[in-house]
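K.L.:
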Amino acid sequence: MLLTTIFCLSAFLAVAGALLVTFSKNLIHACVYLLFCLVGVAGLYLTLNAEFLAATQLVVYVGGVVVLLLFAMMLTGGSSLNKVMSRFGLESTPLMGNWRTYLMGGVAAALLIAVLGNVLRNLSMGSSTVTEKSISSVEQIGVKLLTDHILAFEISSVLLLGALVGAAIISRPFRSSESEN
Amino acid sequence: MGIAPYIIVSSILFVCGIVVMIARKNIIGILLGIELILNAAALNFVSFTKFSNSNLDGQVFALFIILVAAAEAAVGLAIVIRFFQIRESIHIDSATQLQS
Amino acid sequence: MEYSLSTILPIVLLPFFAFVLNSFIVKKFTKTAVTISCLAIFVPFIYALRIFIDFVFNKYSADYYIHKTFTWFDLSSGSQIFKVQMGIYLDNMSAVMLLMVTGVAFLIHLFSTYYMHDDPRYGRFFVYLSLFTSAMLGLVLSDNLFSVFIFWELMGFCSYSLIGFYYEKEGAGNASIKAFMTTRVGDVFFLLGIVALWTTIGSVTYVDIYKAIAENSLNSPVFLFGLGIPIATFAGFCIFMGTIGKSAQFPLQVWLPDAMFGPTPCSALIHAATMVAAGVYLSLRMYPLMDAGGLLEAIAYIGGITAFGAATIALVQTDIKAVLAYSTISQLGYMVLGIGVGAYNASLMHLITHAVFKACLFLSAGSVIHSLHDHHTHTAVQEMPRMGGLRKKLPYTFLAMLFCTLAISGVPLFSAFVSKDRILGDALVMATRSSVYLIPAILGLCGAFLTPFYMFRMMFLTFFGEPRDADLFKHAHHETLSFNRNIPLLILAVFTLGFWYSGSLTGQGIGDKVFPDSKYEWFQVLVEKPVLSKFTSRTTTPLDVPERKEFIESSHYDPERGFASEEEEHEVHHIHQMGAIASIIIALSGIFLAYCMYISKKFSPAWWTTTFSRWTAALRNRYYFDHFYVDVLIQKGLLQLNNFLAWIDMGLYDRYAVDGWSKVLTLFYSMSRWFDNIVVDSILVDGTGISVRFFNIVLRTIQNGKIQFYFLVLLLVLAGYVLGFKPVI
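Chains as they are written, first to last, in my numbering: chain A, 67 to 247; chain B, 22 to 121; chain C, 172 to 900.
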């Protein structure tokens, strides 16, 4: 029952967070709701016997990505968000979307729901083969990462390095090129 | 307790991510939607590796997804900041040209 | 003698090269140019003499000929043959003509060095003379009508230039234009005849024409205005029209008297050796064609009318050159009459003898004119009423002119007696056979009476009696013997004697034969009517292959040849004898009449002119031919026609066709403007722009650079794919 309770709680947390992210009018708020959502997903990972993954989710996402997003929001203007004019300068569009964009989003959602429903129609609601093997997943993941997926692991480390350097170069200010001129 | 609830949750997350990506006009808001979609995918991997086979490959994939998401967030936000420096805007529709 | 390129062609080419060369150097080196011209006619004279001696003394048969051809241009393609051949046709007649032309032309050149010496355009005259002579020689040597026509026109141009030589003199320009335009009438017909023969036979060489006549292939009719005329008649008529124009026969004789506006030596050249002889020569060459076409009666009539009419006009002329001009027309009439009555040989003979004595007469007249210089008007005097008594001042000229006058009058022992009386005798023979020839024969005899009269009138008025213009006479220079003034005259005068042409007095092989051996009748042996049947197998050699002919002993003089029976022969001889006696009487009576009128003054010419004043006026006005041509034909006819054509041109064509066309064009213009504005501009041009703009809007909407839009489309496509095709998952 504990598992069910944790699942219910964390599923509620994830779904509610996602919906609030969707319909929130404030970006900061949306970011915080995303935080809830990610925590909910981490809880779902726990119920799936993926404790390491849940921990990583919390550390990386909640501790890294969301903070990064918040920093980015603050760096890109904050209060001036609502003043941005449209490209043609005719009306100021709230950056969080208006009814028209949400209509389009709704259409897309309806389509996706139809597609997903079409795909998942025969999904068995009951648990078919539940193999409760409470093994230490962390150790096994570590072994797998450094044996089967060693190439992907190394490549991902290069990717991270590239992302680090790239981000630093891209967000670098104009000064160097201007000084050259 | 089967796989279905997990799939449903991940579907909801996915649809929400799509809606955010379409409905928002803010680049950072769109990045939020992308995070949602990535999480939905990762959740799928983990739940299928629990209920279909238990060799933990799905969890490894989920790890890589988190990793890629972090890298994407870093580079994407760097681009957003750079874009804002040039255009004084983070409106998605002001980014319609490849060359300023 | 060997006949090749180098022995025949220089005859034509030397004068021509002299013309080309002199036309460049004549301004600077006048004396050199004159020398070149004279040499360039003397050397061909030597060549012609060689050929003539060869033909006469080697006694080639009368129908022997040398025919050398070369292809001028060849436009044949496939089965269509269009090939123009030029060539040289040399037979006895050509040889005689060559000798006559070169000899007379050389003497005229020589005389011109005296006559034209003080002229400012001394050298230019010789340039023209060279071209003129060259053209005539080329015409004589031509083997086809086409090259004859070319040289014919070349001579027309030269006569135009020479008649208008003193272009500053009033009337000279008009006279040259008149000569050119009048002969042009004949030339057009001539060209038409050439074309008719060309289209029928496919060739215009003499040999081919003779061959076609022999094969009777010229009898197919051509249709003119609905009348079917045999092609031989049509072509013969057209070619004879060329003769009429060039030899100044009856309807077109008006140009020749005006030709005396040119320098006197050129008159001699035109009237004697070249221009007018060319027409008769052509008719002689085409005699078989005219015979086949049945035109001989008409030719005889035209010859008779010309001979008599021109002689009557000559009676009243006062200009010494005009008298000679009309006598030329009259004598040409005799030649044409000879052609008409079938006196082929006699006609050619008269052509030769006439060329000699008429050249001499004109040169003598030139000598007379040159010696008389009016010091008041600074012009040479040509009017006979102002002359008289010049015998003492110009003895050599008088001698030469007397010989020629006796010759033209038909006095026995002189050349024209031989030739003219043969023509008249043949005319009388024809008149006894057919009454159609009666009128030409009578006209010829009347002309024979008038000829000595007007010629001796000229002689008496010029050389005898008292000087009528004492001042002029006093200033006339006394003549001294000089090589270029008197020698040519005397040489020509020597050749007016009859024995050069015939051993007998009459040249008819009857009566008083000076030489019983008939071989001295060389002229009759030399030329005879072309025997057509011999041309059916033609012999043609290329131009550059020398030809050597062996001695031919096939030609003997046979006076009985050509007569059917002894009785007929006797009759013909009888008529010829009668004609000869009659013409002696006529000539002497004409001379006597002139003597009575102008020396002994038994009859006064004034009585005649007052009694027959209307006739005299008609004669003075040359039978009103000029009046008729200018006032009636040109003023009434041609000008009306011109006005009518101008009205058609301006009133109809310009007004309706041209201006009406502008209306049509305006309509078309407005239509096409509408089309341009509506269809092209509005629909096509603007429509293109509009459609581009439309698709621009559509495509710009799609390709808007908005990521979200792309994403949405992507989703829609994906969803549509999944929902529509239900892929296996």
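The C-beta atom is built at its ideal place from N, Cα and C for all residues, glycine as well.
1) Along the chain, where does the beta strand (DSSP E) containing valine 255/C start, and where does it finish?
2) Assign methionine 520/C to one of two classes, buried (16 or more other C-beta atoms within 10 Å of its C-beta) or exposed (fewer than that).
3) Quick one: what's got a C-beta closer than 8 Å to leucine 98/B's C-beta in the same chain, skipping five residues either side?
4) May I ask you to report which of helix, strand or coil DSSP gives serine 535/C?
5) My assumption, with CB atoms under 8 Å, is that alanine 218/A sits in contact with phenylalanine 85/B. Please give the rounded CB distance.
6) With 8 Å as the limit, tell me which residues of the segment 100-118 of chain B have their beta carbon closer than that to any beta carbon of chain C; keep them in chain order.
7) Mind checking which residues open and close the beta strand (DSSP E) that includes leucine 395/C?
8) Which residue comes first and which comes last in the beta strand (DSSP E) that contains proline 401/C?
9) What do you get for leucine 185/C, buried or exposed, if any count of 16 or more other CB atoms within 10 angstroms of its CB means buried?
10) Would you decide whether glutamine 811/C is buried or exposed? Buried here means 16 or more other CB atoms lie within 10 Å of its CB.
11) Does the structure place the segment 503-521 of chain C close enough to the segment 389-409 of chain C that three or more beta carbon pairs sit under 8 Å?
12) Report the neighbours of alanine 62/B on chain A: residues whose CB is nearer than 9 Å to its CB, in chain order.
13) Which same chain residues end up closer than 6 Å to isoleucine 372/C when comparing Cβ atoms and leaving out the 5 residues on each side of it in sequence?
14) For alanine 218/A, return the contacting residues in chain C, with the cut-off set at a CB-CB distance below 7 Å.
15) Assuming glycine 309/C contacts valine 197/C under a Cβ cut-off of 8 Å, what Cβ separation, rounded to an integer in Å, is found between them?
16) Using only the alpha-carbon positions, how far apart do isoleucine 107/B and isoleucine 87/B sit?
17) Alpha carbon to alpha carbon, how far is glutamine 123/A from cysteine 74/A? Give it in angstroms, no decimals.
18) Run through DSSP, which three-state label would asparagine 387/C get?
19) Give the interface partners of alanine 43/B over in chain C, defined as CB-CB distance under 9 Å, in chain order.
20) Starting from phenylalanine 264/A, find everything on chain B with Cβ-Cβ shorter than 7 Å and list it in chain order.
21) Between valine 850/C and chain A, is the shortest Cβ-Cβ distance under 8 Å, so that the two count as touching?
22) Using a C-beta cutoff of 8 Å, does lysine 210/A count as contacting chain B?
23) Just to make sure I have the definition right: I need the residues of chain B whose C-beta is within less than 9 Å of the C-beta of valine 126/A. Which are they?
24) Along chain B, which residues have their Cβ under 7 Å away from the Cβ of threonine 88/A?
25) Classify leucine 883/C: buried if its beta carbon has 16 or more other beta carbons within 10 angstroms, exposed otherwise.
26) Buried or exposed for threonine 88/A, please, with buried defined as at least 16 other CB atoms from any protein chain shown within 10 angstroms of its CB.
27) I'd like to know whether the C-beta atoms of phenylalanine 635/C and serine 580/C end up nearer to each other than 8 Å.
28) Counting only the same chain and skipping the five closest in sequence on each side, list residues whose C-beta sits under 7 Å from that of phenylalanine 320/C.
29) Please name the residue or residues paired with threonine 550/C in a DSSP beta bridge.
30) Please report the straight-line C-alpha distance between isoleucine 182/C and isoleucine 755/C, rounded to a whole angstrom.
31) Just to confirm, are leucine 427/C and isoleucine 415/C a CB contact at a threshold of 8 Å?
32) Quick check on this structure: which residue in Leu495/C, Thr477/C and Pro392/C has the alpha carbon closest to the alpha carbon of serine 535/C?
33) Below 8 Å on the Cβ atoms is my guess for leucine 632/C versus methionine 555/C; work out the distance and round it to an integer in Å.
34) Please report the distance separating the alpha-carbon of serine 158/A from that of lysine 91/A.
35) Just how far apart, CA to CA, sit isoleucine 113/B and lysine 46/B?
36) Jot down the residue ranges of each uninterrupted beta strand (DSSP E) in the segment 492-537 of chain C, minimum 3 residues, whole runs only, in chain order.
P.N.:
Result, derived from the coordinates:
1) 254-262
2) buried
3) Ile49 and Leu52
4) helix
5) 6 Å
6) Ile113, Asp114, Ala116, Thr117 and Gln118
7) 392-395
8) 398-401
9) buried
10) exposed
11) no
12) By Cβ distance, chain A contributes nothing, its closest Cβ being about 11 Å from alanine 62/B, past 9 Å.
13) Asp379 and Ala383
14) Simply none; closest approach about 26 Å.
15) The pair is not a contact, with the Cβ atoms about 22 Å apart (cut-off 8 Å).
16) 30 Å
17) 19 Å
18) coil
19) A quick correction: the sequence has isoleucine, not alanine, at residue 43/B. Neighbours of isoleucine 43/B on chain C, chain order: Gln879, Phe882, Leu883 and Leu886.
20) With chain A running from 67 to 247 in the structure shown, residue 264/A is simply not present.
21) no
22) yes
23) Ile87, Leu88, Ala90 and Ala91
24) Cys37, Val40 and Val41
25) buried
26) buried
27) no
28) Phe361, Leu362 and Ile365
29) Asp545/C
30) 39 Å
31) no
32) Leu495/C
33) 4 Å
34) The pLDDT assigned to serine 158/A is 43, lower than 50, so where the model puts this residue is not dependable, and the model offers no usable value.
35) 5 Å
36) none
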